[in-house]
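K.L.:
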Amino acid sequence: MSPQDAAQPLMGSTVPPIQAVNDFVVKFANVNGSGSASANQLFAKAILRMGIPVTPRNIFPSNIQGLPTWYEMRISDKGHMGAREGVDLMVAMNPQTWDEDVKSIRPGGYLFYDNTKPLPASKFRADITVVGMPLTSFTNAAYAVPRERQLFKNIIYVGALSALINIDPKVIEDLLAEQFRGRDKLIAANHKALHMGRDYALAHLPCPLGLQLAASDKVGDRIFIDGNAAAALGALYGGATVCAWYPITPSSSLAEAFTRYCERYRKDKETGKKRYAIVQAEDELASIGMVIGAGWNGARAFTATSGPGISLMSEFIGLSYFAEIPAVIFDVQRSGPSTGMPTRTQQSDIKICAYASHGDTKHPLLLPEDPNECFQFGALSMDLADRLQTTVFVVLDLEIGMNERLTAPLQWDDSRKLDRGKVMTSDELQAGKVFGRYLDVDGDAIPYRTYPGTHPTKGGYFTRGTSRDEFARYTEAGDAYQRNMERLLKKWDTAKTLMPKAVRTDAAAPTKLGVIYYGSTSPAIPEALELIAEQTGASLNQLRLRAFPFGPEVEEFVDAHDTIFVVEQNRDAQMRMLLINELECNPKKLVRVLHYNGAPITAEFIARGIAAHINPTPVREAAE
Amino acid sequence: MTYLPKPKLAHPELQKNDLGYTRRDYEGSISTLCAGCGHDSISAAIIRACYELSLPPHRIAKLSGIGCSSKTPTYFLGNSHGFNSVHGRMPSVLTGANLANRELIYLGVSGDGDSASIGFGQFSHSIRRGVNMTYIVENNGVYGLTKGQFSATADRGAKNKRGVENMDEAIDMVGIAIQLGATYVARSFSGDKNQLVPLIKGALQHNGAAFIDTISPCVMFNNHEGSTKSYDYVREHNEAVNFMDVVTGREEITVDYEPGTTEIVRQHNGGLLKLRKLANDYDVTDRVAAMNFLETRKARGEIVTGLLYVDPDAEDLHGYLETAEKPFNALTDEELVPGAAALAKLNASLR
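Chains as they are written, first to last, in this note's numbering: chain X, 20 to 643; chain W, 5 to 355.
1) Could you name the residues of chain X that THR78(W) contacts, counting a contact when the two beta carbons are closer than 8 Å?
2) What first and last residue would you give for the beta strand (DSSP E) that runs through PHE349(X)?
3) Within a Cβ cutoff of 8 Å, which residues of the same chain sit near THR336(W), ignoring the five residues on either side of it in sequence?
4) Buried or exposed, going by whether 16 or more other CB atoms sit within 10 Å of the CB of ASP461(X)?
5) Counting contacts by CB-CB distance shorter than 8 Å, is VAL310(X) in contact with chain W?
6) Whole angstroms is fine: what's the gap from THR74(X)'s alpha carbon to ALA514(X)'s?
7) Is SER81(X) buried or exposed, if buried means 16 or more other CB atoms sit within 10 Å of its CB?
8) Applying the criterion that 16 or more other CB atoms from any shown protein chain within 10 Å of the CB defines a buried residue, is GLU169(W) buried or exposed?
9) Counting C-beta neighbours from all protein chains within 10 Å, is the total for ASP172(W) 16 or more, i.e. buried, or is it exposed?
10) Whose CA, out of ILE122(W), PRO77(W), ILE64(W), ILE131(W), lies closest to the CA of ASN105(W)?
11) Looking at C-alpha atoms only, which residue of VAL110(X), TYR256(X), PHE199(X) is the closest neighbour of LEU437(X)?
12) I need the straight-line Cα distance from PHE87(W) to ARG239(W), nearest angstrom please.
13) Looking at chain X, which residues of the stretch 218–239 of chain W have a Cβ within less than 9 Å of any of its Cβ atoms?
14) Please say whether ARG424(X) and GLY617(X) have beta carbons closer to each other than 8 Å?
15) For ASP416(X), does the three-state DSSP call read helix, strand or coil?
16) Quick check on this structure: which residue in TRP431(X), ASP433(X), ASP446(X), ARG492(X) has the alpha carbon closest to the alpha carbon of GLY458(X)?
17) Secondary structure at LEU67(X), three-state DSSP: helix, strand or coil?
18) So HIS43(W) contacts chain X; which residues on that side make the cut at Cβ distance below 8 Å?
19) Which class does VAL259(W) belong to by DSSP, given the choice of helix, strand or coil?
20) With a CB to CB cut of under 6 Å and the five nearest residues on each side skipped, what residues in its chain are close to GLN153(W)?
21) Mapping DSSP to helix, strand and coil, what is VAL190(X)?
22) Within 8 Å (strictly less), CB to CB, does ARG294(X) reach chain W?
23) Going by DSSP, which residues form a beta bridge with LYS133(X)?
24) Taking 7 Å as the limit between beta carbons, can you name the residues of its chain near VAL259(W), skipping five residues before and five after?
25) Please determine, among SER68(W), ASN164(W), ARG133(W), the residue with the shortest C-alpha to C-alpha distance to GLY145(W).
26) In angstroms with no decimal places, state the Cα-to-Cα distance between LEU230(X) and VAL40(X).
27) Any beta carbon from chain X within less than 8 Å of GLN126(W)'s own beta carbon?
28) Please classify GLY397(X) as buried or exposed, where buried requires at least 16 other C-beta atoms within 10 Å of its C-beta.
29) Closest to VAL149(X) by C-alpha separation, out of ALA140(X), GLY451(X), PHE394(X), would be which residue?
30) Which same chain residues end up closer than 8 Å to TYR324(W) when comparing Cβ atoms and leaving out the 5 residues on each side of it in sequence?
31) Using a beta-carbon distance below 8 Å, is PHE335(X) in contact with chain W?
32) With 8 Å as the threshold, decide whether the Cβ of HIS223(X) is near any Cβ in chain B.
33) Mind reading off the beta-carbon distance from ASN143(W) to ASP116(W)? Whole number of angstroms is fine, and I expect it under 8 Å.
34) What's the C-alpha gap between GLY216(X) and ASN391(X)?
35) Could you tell me the boundaries of the beta strand (DSSP E) in which ALA111(X) lies?
36) Tell me, please, whether the stretch 558–569 of chain X touches the stretch 340–347 of chain X by the rule of three or more beta-carbon pairs shorter than 8 Å.
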């Protein structure tokens, strides 16, 4: 390769170019605010429409315009949805990040870039295939308006790429027509730009590259939705009527999706009046206060927030625990502590969610692995909060919440009834049923409550965060306080029977090795286990946690294995901490595999961590 | 044990209101506050106001924060649901409760520490939102339960019990409430039941955010020489702009006053406020004039009391949000859950 070649459309690679069909990673490097997100999404959707599973990830800064942003697509006919290390095709549209973008390409990989301005040879690598297209000059020649230049440039490169890696242009045309339905001019303009790019590539670029797409049937009936939207739908189906929230990345889109779905599904058809109330509060303290007020008064209510919000809400969460008031918090985790990396993912709120607030407290957590479970757990959380009369957390993270994912279609059983928990009615009170707000009458430690305004003379009580007796009368008597605290512990045991069970998958052959994981780590696990088997010959039994408190199946799993790898995305092994604390198991059995740089965990990372422990001097290095 | 049930000794000849309730039916447990505490007078005024308006006690929800004032909901409306929440956070809890069931009457009781210091934000935003509530601040200028520290409503120059002077500017809660869009704003004095009871009645009948700042001397920590929240000081500086009567629909309105000195304001829900003007030309529906008047009189060292501002046709949060009439906590599964068919359709749009 010589400097003068740099401006040429194609430079050859010194290593054999990667050849792959339906199994590679494409990454777009863009500048945020340039309109690239919708073009990139179009690209991903087109691949899905060809029946090929694709998992996109939006990597973005805490900024609105001008900083680097990436959109990474894992294309995998095998269905691997975890992030993968290395890039096969880099679409480098951002000079700011050029060096690191070029560096991230795997040997034999491909670089697509805008060669309007020549770059010195030192800016390239010899072991990759470089494909240049004069995108800027080409677009500027075709469009005069600056905004058009920016937007259509994105569609033009989608067109060029469609020729390079073989995306059916008809599929993209259809998607554009759906996106701009009713705006025919816009559709025509986009179609034109798409074909301009495509025609240029066919005429001037080395189509096709070694990376190829071929129509497949691996998507099935799965849908493509982000976890926040699915969780919001879950809340809607779970009967939530009050949403109080304060904007915070990466949770804002959950409340916004709830607003959208309520507009569509929750308006009275005759009057247009709303069977929901959404309040953007002044802060997280007010958000959770409103949720607790609504829950106290019998409405299903939730807030959506992230780590900093949980810190602020902690006092109220303790009130909910002690005064026994239903509330639901969707915590979409990001990298902490403090403001941390607000647009990067992590599983670092596990500890605070489990034990938030001063005094002795613990709270049920639901840990969805994908959008489908976000929906299921979103609905379930409302039932659990009412049943257990406490705060229930649905713990997502940015990776699940803000990225669209292929997931099983959402399902609802119309015969399902919302479980409102133990609420004493006016008739029961009138009939003389004894009402003690904190009286355990059924032996499950869950007392009855009444909604305010139920009966003229019976069932009224005073809710407080101070100590009281079984009939909600204020007391500072130590024995009454202790009785109540012990009942709350007993209620925790009841909670264990109501939470979703952990999912166990055993290896083909018996093994004393196990792996425990949860949430957004899930998609990387099957692939990691394949790599471990390849590298070490070992196989592991798996346990995916879906909730806290842990059910007996978790204790059984821990007891049945000699070494258990606990894979998490935080520094301090927070779930391991909960396992040791709650199960009182031998900490030495639980080996930490921790990933916390803000990027989603990869199969390679997990495999390296586990393989190194199983076989400290690996027979052969992992292919890298 | 601090819980003291009040003996149920109902006198057979106790008067009953239109609903057949006696005054006793609106009472709560025996107060555990200090003897002579202004807050107890406010509790008594609340009891009388609810009794006289014939409100069904169980249809009132009483909420408070933390502090002496926030303890008082135990001492009135014993058959009502009460909620003694978190310090400074009563407004958000009340807002959520109100969203869940718009049919109840919401009474928020708070103090100056609770609402002007730790909860100043929540106080402000609940007012801004127009939550339909009666928000009473029992204002004594000090933290009573922690033994006498200044609160944010203590006047600059006021002295505490040990003679230390407060150097911080005071927050004038009625001024703030008017500025933030409260639609019924009054100030009163716990020592003036004749003024306070009608003001509470008017607030309970008001649709929207009603705020009453009630100066309520703390006999233990702020009733000394040099205090500007003592009984003596408030009596000396109290300047009422009007005297109000609340007329319920059944009473005949008799005009037996000089024209121009009395004004009738009809609130949205039909309740009538009969105002006898004490300050000339004070128009209770003129928000800007009210703010101006308050500032002018404050500069003169007067404590202006009475109904200071009212928008009789105010809208509330439910109105702004366009929520359905039926309380959310009574909605059926069918009214809440869109069902499997809607979900199948949605799935189809996500492929």
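Each residue gets a CB set at the ideal place from its N, CA and C atoms; glycine is no exception. Owing to the predicted nature of the structure, the values given are computational and were not obtained by experimental measurement.
P.N.:
This is what the structure holds:
1) Locating residue 78(W) in the second sequence gives position 74, where the first residue counts as 1. Result: PHE481, TYR493.
2) The sequence position of residue 349(X) within the first sequence is 330, counting from 1. Residues 346–352.
3) As a working mapping, residue 336(W) is identified with position 332 in the second sequence. The same chain holds no residue with a CB closer than 8 Å to that of THR336(W) once the five nearest residues on each side in sequence are set aside.
4) Position 442 of the first sequence, counted from the first residue, corresponds to residue 461(X). Exposed, because fewer than 16 other Cβ atoms sit within 10 Å of the Cβ of ASP461(X).
5) As a position in the first sequence, residue 310(X) is number 291, starting the count at 1. It does; some Cβ of chain W falls within 8 Å.
6) Start at 1 with the first residue of the first sequence, and residue 74(X) comes out as number 55. Start at 1 with the first residue of the first sequence, and residue 514(X) comes out as number 495. Approximately 35 Å between the Cα atoms of the pair.
7) On the first sequence, residue 81(X) is found 62 positions in, with the first residue counted as 1. Exposed, because fewer than 16 other Cβ atoms sit within 10 Å of the Cβ of SER81(X).
8) As a first step, residue 169(W) must be located in the second sequence, where it is residue number 165. That one is exposed.
9) Here residue 172(W) is taken as the residue at index 168 of the second sequence, counted from 1. Exposed, since its Cβ has fewer than 16 Cβ neighbours within 10 Å.
10) Here residue 105(W) refers to the residue found at position 101 of the second sequence. When each option's Cα is compared against that of ASN105(W), the closest is ILE64(W).
11) Here residue 437(X) is taken as the residue at index 418 of the first sequence, counted from 1. Answer by Cα proximity: TYR256(X).
12) Numbered from its first residue, the second sequence carries residue 87(W) at position 83. Numbered from its first residue, the second sequence carries residue 239(W) at position 235. Distance between PHE87(W) and ARG239(W), taken at the CA atoms: about 33 Å.
13) Answer set for the stretch 218–239 of chain W: empty.
14) The sequence position of residue 617(X) within the first sequence is 598, counting from 1. The sequence position of residue 424(X) within the first sequence is 405, counting from 1. Contact: no.
15) Your numbering for residue 416(X) matches position 397 in the first sequence. The three-state secondary structure of ASP416(X), taken from DSSP, is strand.
16) Walking along the first sequence from the start, residue 458(X) turns up at place 439. Reading the sequence as shown, one finds Leu at residue 458(X) and not Gly. With distances taken between Cα atoms, LEU458(X) lies closest to ARG492(X).
17) Translated into the one-based positions of the first sequence, residue 67(X) becomes position 48. Three-state DSSP puts LEU67(X) in a helix.
18) As a working note, residue 43(W) is residue 39 in the second sequence. The premise fails here: HIS43(W) is roughly 17 Å from chain X at the closest Cβ pair, so nothing lies under 8 Å.
19) Position 255 of the second sequence holds residue 259(W). Note that VAL259(W) has pLDDT 48, beneath the 50 cutoff, so the model's placement of it is unreliable and no number is given.
20) Numbered from 1 along the second sequence, position 149 holds the residue referred to as residue 153(W). If we look at GLN153(W) and ignore the five residues flanking it on each side, its Cβ neighbours are TYR147.
21) Position 171 of the first sequence, counted from the first residue, corresponds to residue 190(X). The three-state reading of DSSP puts VAL190(X) in helix, counting H, G and I together.
22) Residue numbering aside, residue 294(X) sits at position 275 when the first sequence is read from its first letter. Closer than 8 Å: yes.
23) As a working mapping, residue 133(X) is identified with position 114 in the first sequence. Residue identity differs from the one stated: residue 133(X) is Asp in this sequence, not Lys. Note: ASP133(X) sits in a beta bridge opposite MET152(X).
24) Walking along the second sequence from the start, residue 259(W) turns up at place 255. The predicted model places VAL259(W) with a pLDDT of 48, which falls under 50 and marks its position as unreliable; any figure quoted below should be read in that light. Cβ within range, chain order: n/a, list empty.
25) Numbered from 1 along the second sequence, position 141 holds the residue referred to as residue 145(W). When each option's Cα is compared against that of GLY145(W), the closest is ASN164(W).
26) Along the first sequence, read from residue 1 onward, the residue named residue 230(X) stands at position 211. Along the first sequence, read from residue 1 onward, the residue named residue 40(X) stands at position 21. Counting only the Cα atoms, VAL40(X) lies some 6 Å from LEU230(X).
27) Here residue 126(W) corresponds to residue number 122 of the second sequence, with the count starting at 1. It does; some Cβ of chain X falls within 8 Å.
28) Along the first sequence, read from residue 1 onward, the residue named residue 397(X) stands at position 378. GLY397(X) is buried by the Cβ-count criterion.
29) Working through the first sequence from its first residue, we reach residue 149(X) at position 130. Closest by alpha carbon: ALA140(X).
30) Against the second sequence, residue 324(W) aligns to sequence position 320. Short of 8 Å from the beta carbon of TYR324(W), and not among the five residues preceding or following it, lie these beta carbons of its own chain, in chain order: ARG133, GLY134.
31) In the first sequence, residue 335(X) corresponds to position 316, counting from 1. It does: the Cβ of PHE335(X) has a partner Cβ on chain W nearer than 8 Å.
32) Among the protein chains in the structure shown, which are X and W, there is no chain B.
33) Reading the second sequence from its first residue, position 139 is the one you call residue 143(W). Reading the second sequence from its first residue, position 112 is the one you call residue 116(W). Their Cβ separation, rounded to whole angstroms, is 5 Å, which keeps ASN143(W) and ASP116(W) in contact under 8 Å.
34) Residue 216(X) sits at position 197 when you count from the first residue of the first sequence. Residue 391(X) sits at position 372 when you count from the first residue of the first sequence. CA-CA distance, GLY216(X) to ASN391(X), rounds to 37 Å.
35) Taking the first residue of the first sequence as position 1, residue 111(X) is located at position 92. In the DSSP annotation of this structure, the continuous segment of the beta strand (DSSP E) that includes ALA111(X) starts and ends at 106–111.
36) Taking one beta carbon from each stretch, the stretch 558–569 of chain X and the stretch 340–347 of chain X have fewer than 3 pairs nearer than 8 Å; the two do not touch.
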